[in-house]
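Following: one structure in structure tokens, then a few remarks.
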Amino acid sequence: MTQLALVIDLNTCVGCHACVTSCKEWNTSGEAGPMVDRNPYGAEPTGTFFNRVQSFEVGEFPHTQTVHFPKSCLHCEDPPCVPVCPTGASYKRPEDGIVLVDYDKCIGCEYCSWACPYGAREIDEQQKVMKKCTLCVDRIYDESLPEQERKPVCVLSCPTSARIYGDIHDPESEASRAINEAGGYQLMPEWSTSPANHYLPRRRVKIAIHEEDLQRADNPLRKEDRGPRAPTTRTTLDDSTSW
Amino acid sequence: MKPAISVLLLTTLIGAGQGLFLAYYSAEWLVLLNILPLTQSDYGGEAAGLSFLLLAAGLLASFFHLGHPERAWRAAAMWRSSWLSREVIALPAAMALILAYALTKLTENDPLVFSLGSRIPLSVSMLAGFGAVLAVCALFVCTAMIYACLRFLRQWHSPLTVLNFILMGCASGFTLATVLAAFTEDTSLGYFSGMAIFLTIAALLSRYASLSRNRRLRSPSSLQSAIGVHHPSIRQLAQGAMGGSFNTRAFIHNYGTALLRLVRRGFILLAFVAPVVLLLVASPATPSLLVIAFALQYIGLLAERWYFFIEAEHPQNIYYQMIS
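Residue numbers (this note's numbering), protein chains in the order written: chain D, 915 to 1157; chain W, 3 to 326.
Okay, here's the thing in structure tokens:
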């Protein structure tokens, strides 16, 4: 069984919001219709987004690190939002594990948003239906796109490649390898929703730099360290040939 | 959680309607079994009619909760998995059976179907009423389970939620039945009043149990588990939206603890203490006191339901540290 998901590397995310804006751009102009934007150029803009980046400061000054945390639907393997839906508008696709909302069936009762512990669902205050990340389902199967572009748009737009997309049930996929090799984890594991999206932890990056690494011992540009020169009294090949 | 006014009205109105029907239908059985004296004036039909109207008003209120009320019929589809869907089936079923009971009584077109022994005649209205009792019980469970089944909302995820909904609905329904009995000089008044006092006290005990349970609850989630960074000191710098979002508007309230304490004490006084006192001091000669008792209890139960929403802490609020 396939379970498509995102693996988000918190170690490389720089919090640039490229995934947020590209997600909004792709999905607001897609076939599912616009996503509401209220007061977009005012002081307090608000609207529906499938993906948001939050920032946290970890540690006590001066020993702090900033962690940027992209947050979207995690496409849980046991999604608590799906069984509570009274109309069947929320469903998990058996073929690829994507959790979707059928906007034509949704009655906007918000019950699914009560049932999601991650707050991944947002009501569109204009269309009055519940919306959430679709994992760009209208993109990843689009055969009119070149194959390398058949990925969620947030993955393509990430300038630091902090977002990896793939089938986490396939142990050979890039996503699975990233989870296994870099210690990928799930959010709020205490609720046993088994989120498909994983996060890669911050890693302490430390390289040992020795003095010799900074200054090459055999640097040819350094005069005093030049090797022995050829004696100038002897005839060289240049002296004996003339062309 | 932020309270949804339409849901407060829905749950309190249908609770009172269900309780009212149970009061009159149980009184009819007790009269049949010679436990209660035969009443000179039988207003069971009218009472069931009022119960139907309360349920209908609740149903109407619920539509205001929906983004697309015109698609509400779709909500009956997922009854296998969703308690909300089950409620959407149980509510009209209870309404239809209560209406059938009311109409057969009011039109006095109530043919006998069969008799249990020689003393207990079972007419169409009695059978419809029996079906309505089953539907009303199912409706109580469905309505409460909508909240109790959400395991992340731990303040709701308890059998006490179901018990509270049943006891509070029945208590307000029996208080309303006492009011009606006082105005119609029904001999069942003593039964209604006694049951209303008993149910109100039982509801108070059960609600108090859930209040003290909720006070002790500690969330298993933390900011550390929410973002997976295990450091004791984490401070949120940005929450991903400038002017707030659905997440900050739907789940996070910013009422002060003073107001919450006031509402908590207020609903205990209005929904439980005051009605019991008024029911004890009121007599059939003073029906206005009973009207006040029901009015206070209903307002108190609205406040109780408001507090019920406020009490529930959604784990997603962890992601909005700057507000919550």
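Where is the CB? At the ideal position from N, CA and C, for every residue including glycine.
A quick note: this is a predicted structure, and the numbers were derived from the prediction, not measured.
Would a check of beta-carbon distances place residue 1099 (chain D) closer than 8 Å to chain W? Taking the first residue of the first sequence as 1, we reach residue 1099 (chain D) at position 185. By this cut-off, residue 1099 (chain D) is an interface position.
Among W:132, W:98, W:121, W:159, which residue has its Cα nearest to the Cα of residue 215 (chain W)? For the purposes of this step, residue 215 (chain W) is identified with residue 213 of the second sequence, where counting begins at 1. Of the candidates W:132, W:98, W:121, W:159, the one whose C-alpha sits nearest the C-alpha of residue 215 (chain W) is W:159.
Should residue 980 (chain D) be flagged as near chain W, meaning a C-beta pair shorter than 8 Å? Within the first sequence, numbered from 1, the residue matching residue 980 (chain D) stands at position 66. By this cut-off, residue 980 (chain D) is an interface position.
My understanding is that residue 277 (chain W) touches residue 295 (chain W), with C-beta atoms under 8 Å, so please give their C-beta distance in whole angstroms. As a first step, residue 277 (chain W) is located in the second sequence; it is residue number 275 there, counting from the start. As a first step, residue 295 (chain W) is located in the second sequence; it is residue number 293 there, counting from the start. Confirmed, Cβ separation roughly 5 Å.
N-terminal and C-terminal residue of the alpha helix (DSSP H) that residue 143 (chain W) is part of: Translated into positions along the second sequence, residue 143 (chain W) becomes position 141. Unbroken alpha helix (DSSP H) run through residue 143 (chain W): 126-150.
Shortest alpha-carbon distance to residue 72 (chain W) belongs to which of D:1020, D:1151, D:1004, D:1037? Counting from one through the second sequence, the residue named residue 72 (chain W) turns up at place 70. It is D:1020.
Do we get a CB-CB distance below 8 Å when we pair residue 222 (chain W) with the residues of chain D? Taking the second sequence and counting its residues from 1, one reaches residue 222 (chain W) at position 220. Chain D, which has a Cβ nearer than 8 Å to the Cβ of residue 222 (chain W), makes this yes.
Residues in its own chain within less than 7 Å of residue 266 (chain W) by CB, not counting five upstream and five downstream? Position 264 of the second sequence holds residue 266 (chain W). Cβ neighbours of residue 266 (chain W) beyond the five flanking positions: 309.
Name the residue from D:1100, D:1110, D:1117 whose alpha carbon lies nearest to the alpha carbon of residue 1080 (chain D). Start at 1 with the first residue of the first sequence, and residue 1080 (chain D) comes out as number 166. Comparing Cα-Cα distances from residue 1080 (chain D) to each of D:1100, D:1110, D:1117, the minimum goes to D:1110.
DSSP three-state label for residue 1123 (chain D), please. Walking along the first sequence from the start, residue 1123 (chain D) turns up at place 209. Here residue 1123 (chain D) sits in coil by DSSP.
Step through the CB atoms of chain D and report whether any lies within less than 8 Å of the CB of residue 317 (chain W). The residue labelled residue 317 (chain W) in the question sits at position 315 within the second sequence. Output row for residue 317 (chain W): interface = yes.
Do the region 983-995 of chain D and the region 1022-1038 of chain D meet, that is, are 3 or more Cβ pairs less than 8 Å apart? yes
Go ahead and label residue 1094 (chain D) buried or exposed: buried means 16 or more other beta carbons lie within 10 angstroms of its beta carbon, across all protein chains shown. To locate residue 1094 (chain D), count along the first sequence from 1; it is residue 180. Exposed, because fewer than 16 other Cβ atoms sit within 10 Å of the Cβ of residue 1094 (chain D).
Where residue 979 (chain D) sits in the DSSP three-state scheme: Looking up residue 979 (chain D) in the first sequence gives position 65. Reduced to three states, the DSSP call for residue 979 (chain D) is strand.
For chain D, find out if any of its Cβ atoms is closer than 8 Å to the Cβ of residue 219 (chain W); answer yes or no. As a position in the second sequence, residue 219 (chain W) is number 217, starting the count at 1. So, not an interface residue.
Unbroken alpha helix (DSSP H) run spanning residue 212 (chain W), endpoints: Within the second sequence, residue 212 (chain W) is the residue found at index 210, counting from 1. 191-218 is the span of the alpha helix (DSSP H), which, as asked, contains residue 212 (chain W).
Answer yes or no: does any C-beta atom of chain D fall closer than 8 Å to that of residue 203 (chain W)? Residue 203 (chain W) sits at position 201 when you count from the first residue of the second sequence. So, not an interface residue.
Any C-beta of chain D sitting closer than 8 Å to the C-beta of residue 326 (chain W)? Within the second sequence, numbered from 1, the residue matching residue 326 (chain W) stands at position 324. Its pLDDT being 48, under 50, residue 326 (chain W) is placed unreliably in this model, and the coordinates cannot settle the point.
Pick helix, strand or coil for residue 230 (chain W), following the three-state DSSP scheme. Position 228 of the second sequence, counted from the start, is the residue given in the question as residue 230 (chain W). Residue 230 (chain W) falls in the coil class under three-state DSSP.
What does the alpha-carbon distance come out to for the pair residue 1088 (chain D) and residue 1068 (chain D)? If you number the first sequence from 1, residue 1088 (chain D) lands on position 174. If you number the first sequence from 1, residue 1068 (chain D) lands on position 154. The alpha-carbon atoms of residue 1088 (chain D) and residue 1068 (chain D) are separated by roughly 16 Å.
Take residue 950 (chain D) and list the residues in its own chain whose beta-carbon comes closer than 6 Å to its own, dropping the five residues that flank it on each side. Reading the first sequence from its first residue, position 36 is the one you call residue 950 (chain D). Excluding residues within five positions, the ones whose Cβ falls inside 6 Å are 961, 962, 1038, 1039, 1040.
Please list, in chain order, all residues of the same chain as residue 930 (chain D) whose beta carbon is under 7 Å from its beta carbon, the five residues on each side excluded. Taking the first sequence and counting its residues from 1, one reaches residue 930 (chain D) at position 16. Closer than 7 Å at Cβ, skipping near neighbours: 1073.
Against chain D, does residue 287 (chain W) count as a neighbour if the rule is that its beta carbon must be under 8 Å from one of theirs? Against the second sequence, residue 287 (chain W) aligns to sequence position 285. So, not an interface residue.
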